[in-house]
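Residue numbers for the sequence shown follow the working numbering, beginning at 7 and rising by one.
Note that CB positions come from ideal geometry on N, CA and C, so glycine has one too.
These numbers were taken from a predicted model, which means no experiment stands behind them.
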Amino acid sequence: MTDAPRIALGPDAAPDWLEEAILEGGGQRVDYDQCEAIVWGDASDVDGLRSALEQAPQASWVQLPFAGIENFVDHLDDERVWTCGKGVYADPVAELALTLGLAGLRNVDRYARAAAWSAPAGRNLIEARVSVMGGGGITESLVRLLQPFDCHVTVVRNRAEPMDGVDDVLEADRFADALPGADLVVLALALTPETEAMFGKNEFELMERHAVLVNVARGKHVITDHLVDALAAGEIGAAGLDVTDPEPLPDGHPLWSLPNCIITPHVGNTPEMAVPLLAERVRQNVRRFATGKQLLGLVDVDAGY
């Protein structure tokens with residue numbers, strides 16, 4: 007490998023700042039048929055990436071833009087190293103998860119809709135029980151943010167390995183055990199066939215009637231109709247959703263009118279937040295690729311995330 011690795015950037019409409027990140031990382035931009043690696047800048051252009059890979063069979067590394075790679079799972083292979091935005095957006099997404107959780111616990115959702123003075127309501131996050139689905143970067147950041155609140159934190163992840171600041175770690179097949187008693191339940195995990203529709207009627211029945219559900223992962227983790235029913239019936243206390251199924255959530259959808267539901271339009275990281283973070287990830291990985299170091303944000307091809 008040369009000191010200036012040959013990197014192809016796609017698709018054609020990829021933003022200029024991605025090319026700048028490649029160059030600042032010490033790479034040179036080339037066409038697909040000459041490249042050693044591909045930096046892909048459009049999470050929705052699956053056909054475009056497939057075409058790029060066909061033109062670049064010699065490419066040994068592919069950088070995808072977001073942490074969620076479900077659109078590309080069918081094209082992952084063992085012949086290349088795949089990386090994504092895993093961990094890049096952890097801090098801003100965790101910050102929003104905390105925001106939505108506090109808003110739900112402290113009744114801000116209902117107060118914000120009120121047109122007159124109302125009775126006091128709400129619970130503390132201080133010393134609350136928090137259960138987080140997923141053990142990746144978002145969860146690590148959220149656990150740090152929760153430290154001043156002295157919460158009891160349970161994390162559900164694929165491997166029950168200890169985590170700093172976490173009281174209990176459960177394996178994924180025990181996720182239902184983390185629901186009873188939890189004041190706040192946060193979804194911060196990858197979307198896979200195993201985690202799709204993992205929250206429905208049965209799971210909401212296990213949750214406390216005051217519990218707040220926060221989803222900053224993917225809308226398809228939750229059966230939306232069952233969530234509407236649980237919120238309307240007071241089966242759970244509130245929901246804070248940065249992601250929905252379907253997405254965008256259509257005008258007039260019942261979730262919009264529920265007083266105990268806050269919806270944000272998938273802004274866990276806005277473009278203003280994301281651009282410098284992803285640019286730095288690309289710069290670092292180009293440098294690492296040039297020197298043969300392990301890349302950041304490695305995709306587990308078998309697990310699909």
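Check                                                                                                                                                                    : Outcome
What residue range does the beta strand (DSSP E) around T160 cover?                                                                                                      : H158 to R163
Can you grab the Cα-Cα spacing for the pair L252 / V305, in whole Å?                                                                                                     : As written in the sequence, residue 252 is Pro, which differs from the Leu given in the question. Cα-Cα distance, rounded: 26 Å.
To which residues of the same chain is A134 closer than 8 Å at the C-beta, ignoring the five residues directly before and after it?                                      : L111, F155, C157, H158, D189 and L190
Between the C-alpha atoms of G243 and D257, what's the straight-line distance to the nearest angstrom?                                                                   : 23 Å
Beta carbon of A245, beta carbon of A223: below 8 Å?                                                                                                                     : no
Count the C-beta pairs between the region 202-212 and the region 159-176 that are closer than 8 Å, then say yes if the count reaches three, no if not.                   : no
Between G32 and chain C, is any beta-carbon pair separated by less than 8 Å?                                                                                             : In the structure shown, chain C does not exist; there is a single protein chain.
So within the region 180-224, which uninterrupted alpha helix (DSSP H) runs reach at least 4 residues, ignoring any that extend past its ends?                           : 207-212
Assuming P176 is part of the beta strand (DSSP E), what are its boundary residues?                                                                                       : The sequence given here has Leu at residue 176, not Pro. First-last of the beta strand (DSSP E) with L176: D174 to E177.
Please state if the CB of A182 and the CB of L212 are separated by a distance shorter than 8 Å.                                                                          : yes
Look at the alpha carbon of S66 and the alpha carbon of T89, and state the distance between them as a whole number of angstroms.                                         : 11 Å
Using three-state DSSP, classify A245 as helix, strand or coil.                                                                                                          : strand
Can you look up R86 in the DSSP assignment and give me helix, strand or coil?                                                                                            : coil
Compare the Cα-Cα distances from P17 to each of R35, V220 and G91 and report the closest residue.                                                                        : R35
Excluding the 5 residues preceding and the 5 following A285 in the sequence, name in chain order all residues of the same chain whose CB lies nearer than 6 Å to its CB. : W23 and A27
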